[in-house]
Every structure is written in C-alpha cells, then in structure tokens.
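Counting in our numbering, the sequence shown runs from 637 upward without gaps.
Here's the structure we're looking at; comments come further down.
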Amino acid sequence: MKLVVEVVDARDLMPKDGEGSTSPFVEVDFDNQRARTKTIHKNLNPLWNEKLLFHLDDPKNLHNQDIEVCIFNDRRSFPGRNFLGKVRIHGSNIVRQGEEALQRFPLEKRWFFSSVKGEIGLKIYISAEAKPPPPPLVCVNTTATTTTDNKTATNTAGGGVNTNTATAVPNNTPSGTSASAAVVDNTTTTAPTKKPEEIKQPVEVKLVETTQYINKQQVSQQPGKSVEEKHPEGIPLTMHQSNPQAHPSHQEDYRLQNTSPHLGERWPMGGGRGSGGWMSGDKFSGTYDLVEQMYYLYVRVVKAKELPTNAITSSCDPYTEVKLGNYKGTTKHFEKKTNPEWNQVFAFAKDRVQSSLLEVFVKDKEMVTRDDYLGTVVFDLNEVPTRVPPDSPLAPQWYRLEDRRGEGKVKGEIMLAVWMGTQADEAFPEAWHSDAASVHGEGVYNIRSKVYVSPKLWYLRVNVIEAQDVQPTEKGRLPEASVKAQVGNQVLRTKVCPARTTSPLWNEDLVFVAAEPFEEQLVLTVEDRVHPTKDEVLGKKMLPLNMFEKRLDHRPVDSRWFNLEKYGFGVLEADKRKELKFSSRVHLRVCLEGAYHVLDESTMYISDQRPTARQLWKQPIGVLEVGILSAQGLLPMKTKDGRGTSDAYCVAKYGQKWVRTRTIIDSFSPKWNEQYTWEVYDSCTVITLGVFDNCHLGGNEKPNGGGPARDSRIGKVRIRLSTLETDRTYRNSYPLLALHPSGVKKMGELQLAVRFTCMSLINMIHLYSHPPLPKMHYLHPFTVNQLDSLRYQAMNIVAVRLGRAEPPLRKEVVEYMLDVDSHMWSMRRSKANFFRIMSLLSGIIAISKWFDDVRHWKNPITTILVHVLFLILIWYPELILPTIFLYMFLIGIWNYRFRPRNPPHMDTRLSWAEAVHPDELDEEFDTFPTSKNHDIVRMRYDRLRSVAGRIQTVVGDMATQGERFQSLLSWRDPRATSLCIVFCLCAAVVLYVTPFRMVALVVGLFMLRHPRFRSKLPSVPSNFFKRLPARVDSML
C-alpha cells in the first residue's frame, strides 16, 4: 500500500528573498518518512505537479496519524531555508484512489510571530497499484515497526458477504473487476481470532453497484460501555409473548412501553468451550449485549470424495440431506460427480430441536426410481462442541460414511463441521434455517439479513454559458436556440435565447444528481424552436461524467469548449460527403460538487449531514448501537392456504448504511435479535426503522389488498439521537402505527434496545454552534424547487441501486423509509400543522390573558405584586435582563423533574389521526393524479376552496393592518397624516425633556390602572388606527 501526496501548486506566497519573490519547495512528513519536491525559482505562485509516495503499513491506523506539509524558501545567498507555511492533514480525511480531488488548504503559522500567507493545492489518496520508485526518503527514525492486528476476517459459507463480519474475498480476485455497491459489516460483532496478519492490500466486495473497500481484518466492536445482565439460574432466556391472534380493540394503548428483555449472552445449561455438550454449564460473553441470545446447531457440509457410482448408470449424482427430528435440509445436487463440493451451512434453532441425534445422509439422485442411499454419519448432540466468538471457526473433519442399517463402513468420505453457536456466528446470515424450511427457489435469498450502503451521490452542476456557429437547417433564418441536458432519466432545459443569433448566450446553471460508479453520460442537445410545439435538433454531444472535476469549495472551475456533432450525420455513407467542414460548439463549465450534502430524505428526519467528499468529513462523535429484538401482536398481512399470515422483517436506515434483518416465516411475534452499529457524526439526526411483510417468498401468498406482489408496510419508528442520554441503554416497545383509509390502526409493537455512546462530549456540544448542513448550502444555496426536484431524483437513484442487491431492498421499502410522499397534500396534516402553530401561540395567548386579568384587577394581590415588581424594574432597569434570564433558568430547573424518560414516538393526537374524517383519509390515499369520479373530485375541490377562502381572508386582514401602518405617513388621508406628524413632534419634545424612567412609569401605571378608571369603549389609538385607509379599496 502506498500513500500518495500529489503537490499541485501554491498561490500568493510570502516573499522571502529580499527581492519581492521566493524560491519555494515542499517537504512532506508522514510516519517517520520525509520527501520533498524540486525548487521553483523566483515564483510566488509555483506549480509542481509532483507525486510523493510513502509506504503505508496499515490503512486502518490512518485515523491516528497526521500528514505535515511544509513550504520553505531555498536560500541561495547562504545555505539555509525560510519557513513559508505549513498544513497538517488528519489521516481520517484520506480517500482511496479514484475518489481524490484537488483540495486547497490555507497555510498556517509555525509560531505566533511567523509571517505567513497563501494557500497550497494537494491531492492525497491511498494507492494499491505498483508505482515507479519514489524520490529518496529521508528516514527520521531508523527503527522500523510492523503494525499487526490479531483480528482477521473469516469467509462465510458460499463466499457470500456476512451481515455481522467483514468478509475477506480471496487475494487472487482481479483488481480490475467491476464491482457493485458493497454490503458493509456490522461493527458490533467480533470475529474468531486468527494469527496476526499484516494488512497488505484492500479487498473488493462485489454485490451491488458501487465498490466498498474493506480491510482484511475483523471490524472490532466500537467503543462504548458494555452492558451485561446476569440473571438467576433456571430462568429461561425467553420473553412472554402476547396472543399472536389478538386483534387491537378500539381503545388501544398507543403509548411507548418499557420492557425488560434478557439482554446479553448466556449459554444455557453449560457447554465448555470446545468440550462437554451443548446441554450443561454456563458461559458468559460480552458480544451482542443489546439482544437476547438465540442458540443454533450449525452443520457445515463442505465436500465429499470417493463416492460410489451406480451399478447400472456407472455415474453418481450426489446431494446431502441433513436431518434433525422433523426438520430436514438438503444441498444442491451435482450430476456425474464423485467428488462434489457443496460448502453449505444449515442452522437448526435450539428451541425447536426434537431429537438428540443429528443424521447426515449422502444420497444419489435418481430421475425415475427412489434416490439411493450412499452412506450416513450420525452425531450425538450431547457430544457437539460449543463455539463462543471470538473463537476461531471450527475446522471441518473427514468422516467415513457408514451403512444406513449399521452394517459397517462403506466407500466414500464426507467433510463436516458441527457446532453449537448463536446468531453472532459469522455463518448465521448465509445459513439455511430450519424455521424457513418451507421457502424454496428465489425466496431463499429474499429472507436473508443483509447490510447495504447507499450509493455515493454527487450534485452535477452544468453551467451552460454560450454557443457559437449554430446553423439552423433552414437557410436565411436565425435560430431561437436552447440547450437540453440529460443525465439518465433527468432532463433539464435552458431558456430560449431572447436574441435570435448564431452565437446565443444563456449562462444558466443546470443541476443533476449522479451516483458512483458513474454509469450515465451527460447528453447535451442544442435545439431550435421552429414552432411553439416543435424543436429541431441542431447538434448533440455526449460526455462521460468521469472527465469532470470534483470541486470541494466555492471556487469556480475552468470552462471548456466542446464541439457538437451534427445531428443525423454518420448514419449513411452519403451523409459524410455532405458534412460541413466546421462544427458548432458549446461553452460549458461543468463540475461535480463535493462540498454539498445530497439530500435523499426529508430535512426533518435527516440521518446524515456530511458532504459528499470524504476529505471534508469530520471525526465521528459517537457510536449508535441498536438491537432489533422482536415484534409482538402483528396483524395478518396476507393469506396463504386460506389463512392469515405474516412474514415480517425489519429495515433500519441511518446515514449511508441500511440494514435488513432476516425474514421470520409465518409468525405474528417474530424474534430477530440482531444487533447493528453506526458511527454518529451529528447527534441532531434521526434513525428510521420500518417493519415490512415479505411478499417475495416464491409461494402462493396473496396480499390482502390484491394486485402485484409488493412488500407491505407494517409500521415505522423514528428515534432522534439528540433525545437520548449518552451511555444509557433504552429498552422500549414502540407501537407500530399505520394510517389506513379506515383510520389509524395499531399493527403491532416493535421491541428495540438502543444505546448512544459519546466519544467526546466537547465535540458534541461544539456541533451545536455549527450549521446543520455543509457550508456550501449557505454560500451558494439551491432554490426550494431545485431541492424538491433533486431530492426526488436522489431517492429514485437510491431505490434503483439498492434494488439491484441480493437480496434486493425493494423500491416500495426505500420510498417508505425516505418519506417519498411527505410533500403531498393532506387535509389531516394541514390541520395537524395548524394546531401545532396554535399550540406554540398558546403560551403567548395565556400570558396575554394573565396580563389582562392583572390590568382588570381580577386578583388584587397579584396586581399589587406586579405593581411592586414594575416599580423595582423602573428604578433599577439594569435588573430587567438578569430577571428574565434567571426566571428562564428556574423554569428549566423546575421542568427537569418532568423531563421525558423515554424517546418520543409516533403521536396519533399530534398527527390528528384519531378524529379525522373518513373522506379526508380517502383523499389522502388517492393517487396523483386522482383516480376518483367527477362528483367526489368536485366535492373535494369545493371543500378545498372553502378552506382556501378562509386562509385568503386571514392573509388579506394581515395585509390590511400592514397597509394601515404604512398610510400613517403616506398622506393618503391628509387629516390622519397631519394628526400623526403633529403627535410625533409633540412626543419627540416631551420624550426629550422627560426622563425615560418617568415616561415608562406613567405608561405602566396608566395601563395597570383600576377598572373604575377605565372605559368599556375602545381606546383612542385603536379607533384612530382602524380609521386609516388601506389598499383593499383598489382591489377588484
């Protein structure tokens, strides 16, 4: 591995040679290695374009290392050098080759009195390819140390990518192979320990559409406090479940429930490590401490050799059958092969074991007659060893096949490994499970648990400046030119140039969303408006996205001219003879914006706020650990064989990482007990969890709603991290609420264990002073319409890319998790938002009513106390602000007693879901455009007009009051304006000669006067203001 520091240039350096110039060179220090560039003589803006290479032992240790880049002036008068500035880059900001971009760093001082200015441009990345020998390195420390790590990755059965471990692909994988979006590991699970292995090169994991590099070592558990719960012996590690057939009543409890699951790992009734049985002793461990431990008997069928052939056909079509009680799993069969290799894993849940013997049969598949038995191997479950992570995987062994009737050994051997483990085992995600024995075909892949990574999204900014020599097809006519740009399914157009000319000018920005790897091209078309309904193509150009610069700040990139291809030429050979000798060209400024965060979810529920470019990421402030335990009381989502059933799985999304649990077949109280971990970069973010019913199992399921098979929504949970206390484990049961055309319905409960561990409290508090989004969103913001359109395009790209994974995360799941329909009109949501505003204003209204009671002496004691406080503040005005802030402090301290003990959850009353009218719900679930008949649409339109009329009246009244205020000095009413300016003159004189305290005292006492001295008629200022004119008289 090599660390490449490409020194590009520097700008505006400090002159140091006494002649108004300098002779700079750059020196780079990294990990006791030092290299320098050549000297550029007499130049304040030098250009080097040199690559300095450094040996990199372990890329994972980069977050503990820094790169120091210093610029010096090479003195010629006498030996030595002058300091011009330095830059220190943290190792966590280093990216892989292919993701690098030019980044400019302002030069920093070495000492307080250093005279430094200017900036330096660098590209820093990690390269695994062979490079030419670097310049001689000056070693600072001759003692070389080798960094090793004792945690290595283990391969899963079948070579798949494991949900819980970082799976290493063999080293002979071609480095140039195109890869798809990677499935990332769960960082909470510890892999079995092997010998220390030095990390030499990255490993590519191929699954979806982008390449994720994973080091060849197990990802260790993130820092955080481990919670272990020890329970008395004899208590089974199960939870009491509610009746799975129980349906919610009309008075359901929608509140959050506290639960007490048996978290942590406990080995039931013994089983020493590697000895004894799986039926005796106790074993505790710290892995998977946020879920209940589930115990499985694992059987790995690796391969067989020297199998006997059929006496008639002289061939062998072998397969293996693993049988435990009533459960039976089979491997795939091979045709005409006596040395087959299966490498498949079978997992049998311990709580469903009905036998003390495990039987493994090797059979020969026959097309007509009954399959022949080739041999068997029998295991006593009391002799099966247990495996506790991080133990190494159990090595498979060769077993001689025995006759089925016990008549001795037969020809052939089979390689097996049998052990007792938990869901923390790396073989768990890819294994065949006994509780899903009824699933066959493609459904086997659709029930597995996986971790996905969203594609890396970029904003592509296309600045269309101008074009030259645009020739219309009709001679003697000047074109009305415009430019159409297309990236994939995204199409944007510039305005038609207002001036008819062959060199039109637009200077418009078109912004698209692009995802790595860049599969689409930028297609530019210059069109001529020959008719209001017809555009004629004059030229076309296709540009790959890889050729454009990745911008990390607001500095403009260089513009370029591109020659347009004449539309239609090249189709026939005769066209080439008529082709013009010159071509039109277009002037563009195109770049990939790396300093923005590409929004693919609503800003209200955003889970990631980092910019696209990895170089701009900050250090994580904490770790979020989520244990997805189980669901309770789910409702039937489809019918199978005439009865209601549900095949549930859970999806969690935070940042770029998506996780999907295993699908539990035919259960209204599924238990997943899977634990996942995310790095947290900002605590003011939200994790979203959704529960879905799997409708792609390859069976005869029929969704309740009919129509095509789509994974049905069961419910959703959102947890805002800023509402969680750090280092505390929350164990709650969240109600799964869903809105249906018939009303709100409780679909069940989701039981979670959540822990947010903070690495640095100071950094987390410091984030509260930063803007939520990267600075480019504020320096060069997008319009609201642009953000809506770009978010929709980003959601589509994410849904398409994740839909290509195996198993796919389907479009309906991604759209539900990303709230794709949050912008649609809903009368229910409009009412809810209105009452939210009224709730905010209720405090001001309550204070106004209290003050009105004080003014009218409803409670004389309170009014007298207010008079006393008012007089104190008048004579000591410096106490006003301290009094206000002290009062707020006391309120906060008092409210601490009533602080929420649990995270907030879905509130049906706040959502206005309990008292909504059925027709309003039916309107909310209507398609866009509508699919209802004309009478219903007319009725809803009239209702919308009525609501809009009230809003229009309120807005008009607000405008009227503002215009009356403007008319005070506008002389629209000469008499009112005369009275106003005379009053202003008198007030100015009185306020000038009268102390402010006296004025405030008189005004306050006048407002607090007793009702005996008040009139029930409106006050004079109110009467005067209401008589002022407004512009409503001029409206039609």
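Where a beta carbon is used, it is the ideal one built from N, C-alpha and C, also for glycine.
Could you tell me the boundaries of the alpha helix (DSSP H) in which residue i lies?
i, result
"Arg1693", "Residue 1693 is absent from the structure shown; the chain starts at 637 and stops at 1672."
"Gln1268", "No alpha helix (DSSP H) holds Gln1268; the beta strand (DSSP E) holding it covers 1258-1268."
"Ser1567", "Careful: Ser1567 lies outside any alpha helix (DSSP H) and carries neither H nor E."
"His691", "First-last for His691: 683-691, but that is the beta strand (DSSP E), not the alpha helix (DSSP H)."
"Arg672", "Arg672 -> not in any alpha helix (DSSP H); beta strand (DSSP E) instead, spanning 669-672."
"Val1353", "Val1353 -> not in any alpha helix (DSSP H); beta strand (DSSP E) instead, spanning 1348-1356."
"Met1463", "1463-1491"
"Thr1161", "Where Thr1161 is concerned, there is no enclosing alpha helix (DSSP H), although the beta strand (DSSP E) it sits in stretches over 1157-1167."
"Tyr1081", "1079-1082"
"Gly1662", "According to the sequence as given, residue 1662 is Lys; it is not Gly. That run of the alpha helix (DSSP H) goes 1656-1662."
"Asn1399", "1397-1403"
Taking 8 Å as the cut-off, decide whether the C-beta atoms of residue i and residue j are in contact.
i, j, result
"Leu1644", "Arg1472", "no"
"Ile727", "Ile756", "For the record, residue 727 in the displayed sequence is Gly; it is not Ile. It is not a contact, given that the beta carbons lie outside the stated cut-off."
"Pro1091", "Val1434", "yes"
"Val752", "Val723", "no"
"Thr949", "Gln1387", "no"
"Ser1238", "Lys1289", "no"
"Lys939", "Trp978", "yes"
"Ala1267", "Gly1077", "no"
"Gly754", "Ala646", "yes"
"Tyr1088", "Leu1438", "yes"
"Phe1328", "Val1449", "yes"
"Cys1394", "Ile1257", "yes"
"Asn1099", "Leu1224", "yes"
"Leu1174", "Gln1107", "yes"
Can you look up residue i in the DSSP assignment and give me helix, strand or coil?
i, result
"Tyr1523", "helix"
"Ser1670", "helix"
"Lys1217", "Residue placement at Lys1217 cannot be trusted, given a pLDDT of 48 that sits under 50; what the coordinates show is reported in the next sentence. If DSSP states are grouped into helix, strand and coil, Lys1217 belongs with coil."
"Tyr1414", "helix"
"Cys1331", "coil"
"Asn1309", "strand"
"Lys652", "coil"
"Gly794", "In this predicted model, Gly794 has a pLDDT of only 37, less than 50, meaning its place in the structure is not dependable enough to derive any value."
"Gly1640", "helix"
"Thr784", "The predicted model places Thr784 with a pLDDT of 37, which falls under 50 and marks its position as unreliable; any figure quoted below should be read in that light. If DSSP states are grouped into helix, strand and coil, Thr784 belongs with coil."
"Arg647", "strand"
"Trp1511", "helix"
"Trp1530", "helix"
"Lys1494", "coil"
"Ala817", "Confidence is the limiting factor: at Ala817 the pLDDT is only 36, short of 50, which leaves the residue's position unreliable and the question unanswerable from this model."
"Met1460", "coil"
"Leu1620", "What sits at residue 1620 in the sequence shown is Cys, not Leu. Three-state result, Cys1620: helix."
"Met1542", "coil"
"Ser1118", "strand"
"Asn946", "coil"
Need the endpoints of the beta strand (DSSP E) that residue i sits in, please.
i, result
"Cys1286", "1284-1290"
"Arg724", "717-726"
"Val1234", "Note, Val1234: premise wrong, no beta strand (DSSP E); not H, not E."
"Val1098", "1093-1104"
"Tyr955", "954-960"
Starting from residue i, follow its DSSP beta bridges and name the residues at the other end.
i, result
"Tyr1366", "Val1390"
"Pro897", "Answer is none; Pro897 lacks a bridge partner."
"Asp1061", "Note: Asp1061 sits in no beta bridge, so no partner."
"Asn709", "Pro660, Asn718"
"Ile1323", "Ile1355"
"Tyr1009", "Lys999"
Worksheet item: Okay, do the stretch 1403-1417 and the stretch 1276-1286 touch, 3+ Cβ pairs below 8 Å being the bar?
Response: A contact between stretches requires three or more CB pairs, one per stretch, nearer than 8 Å, and the stretch 1403-1417 fails this requirement with the stretch 1276-1286.
Worksheet item: Three or more C-beta pairs closer than 8 Å, one from the stretch 970-980 and one from the stretch 1054-1063: is that the case here?
Response: These segments do not touch.
Item to complete: Would you check if there are 3 or more beta carbon pairs closer than 8 Å linking the stretch 1484-1502 to the stretch 1317-1336?
Response: They do not touch, by the three-pair rule.
Discussion item. With a threshold of 8 Å, are at least 3 pairs of Cβ atoms found where one atom belongs to the stretch 1153-1162 and the other to the stretch 1118-1135?
Written reply: Touching, yes.
Worksheet item: Do three or more CB pairs link the stretch 1249-1259 to the stretch 1223-1233 at distances below 8 Å?
Response: Yes: at least three Cβ pairs fall under 8 Å.
Worksheet entry | Cβ pair count under 8 Å reaching 3, the stretch 1033-1049 against the stretch 1010-1021 | Judged by Cβ distances under 8 Å, the stretch 1033-1049 makes contact with the stretch 1010-1021, as three or more pairs qualify.
Worksheet item: Using 8 Å as the threshold, is the stretch 1657-1666 in touch with the stretch 1512-1528, meaning 3 or more CB pairs across them?
Response: By the Cβ criterion, the stretch 1657-1666 is not in contact with the stretch 1512-1528, since fewer than three pairs of Cβ atoms, one from each stretch, lie closer than 8 Å.
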